[in-house]
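Mapping to the working numbering: the sequence shown position 180 is 197, numbers consecutive. Beta carbons are placed, not taken as given, at the ideal position from N, Cα and C, and that holds for glycine. Please read the structure below before turning to the comments.
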Amino acid sequence: MIKANTKVIISDLDGTLLNQHHVISDYTKSVFQELHQQKYLIVVATGRHHLDAMPLVEKLEVPLYLVTSNGARIHSPEKELLFSVNMESELVKSILALDIDPDITTVLFKEEVWQTNIHNEKLNSFSKEVTYHRELVNFEELEDFEAIKIFFTHENQEKLMALRDLILEHHPETFNHAFSLPICLEFMDKNVDKSHAIAKILEKENLDFSHAISFGDGFNDEMMLVTSGKGLIMGNAPDTLKNKLSHMEVIATNHEDGVANYLSDLLLKN
């Protein structure tokens, strides 16, 4: 039944379609090329900026819709910008004015650069090809705070949870937020979510979520997973997500080409 109804493949990138080296494997590429040949619509939905994500998904060598910055941008298979929304400058400024732990790395996703207050080598390692450039700044000296999203990271998740609670205390209804990883907290415009962006794509293609199978490993994938006809959680996802979505099937890890193997078994093998 799932196979007969599936027309759309939706996948997150980091921890999902990308392996532990932050690249798409040759095997995953071959599976997605076969899915394209069989006319499946492919959507990649990521928290990454579009300049960062585009070189990664080009490895697949198939046309696809690209949802980036957790849904703040949609690009067509022809790389045309279809949708965009930013956070207002004054609202971003009000977050940065809070008493944020100085050990937390803060990043503003801008259109052409990402602005940060700390040199974070681990953060830099997520990009093999530098297409989205970093700019070290003093946030107290900035004038334009308009951003696609705000990203916070620290190895101690409790510090990020305290920051989340602090921001929500001051702005209970203003933003959408999610943990893309246990050590990565992201705040976006209140209307931004991967599922909202994907819904726009499906409407454009005269389809709906019942036709979709989706894969993810983070809380920024939650609505996408629960809304899809079939949602699959990666084996490497945090236990907190697996426990919250305990009714969902858990598949192999991204290290094991979990997405490609699942799709090959379900859709490509007779």
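If you look at lysine 211, you'll find it in the alpha helix (DSSP H) that goes 211–221.
In the three-state reduction of the DSSP assignment, leucine 81 falls in the coil class. Put simply, the backbone Cα of leucine 73 is about 22 angstroms away from that of glutamine 55.
The three-state reading of DSSP puts leucine 52 in helix, counting H, G and I together. In the structure shown, alanine 229 adopts extended strand secondary structure according to DSSP, grouped into three states. Three or more beta-carbon pairs drawn from the region 55–68 and the region 21–41 are found closer than 8 angstroms, and the two stretches are therefore classed as touching.
Judged by their CB atoms, threonine 33 and methionine 251 are nearer to each other than the 8 angstroms cut-off.
Closest in alpha carbon position to glutamate 186, among Pro80, Ser111, Phe168 and Ser47, is Ser111.
A Cβ-Cβ separation of about 4 angstroms places serine 197 in contact with asparagine 237 under the 8 angstroms criterion. Per DSSP, the continuous alpha helix (DSSP H) segment holding aspartate 256 begins and ends at 256–261.
The alpha-carbon of histidine 39 is positioned some 12 angstroms away from that of aspartate 69. Secondary structure at histidine 171: coil, using DSSP grouped into helix, strand and coil. Counting only the Cα atoms, histidine 92 lies some 29 angstroms from leucine 113.
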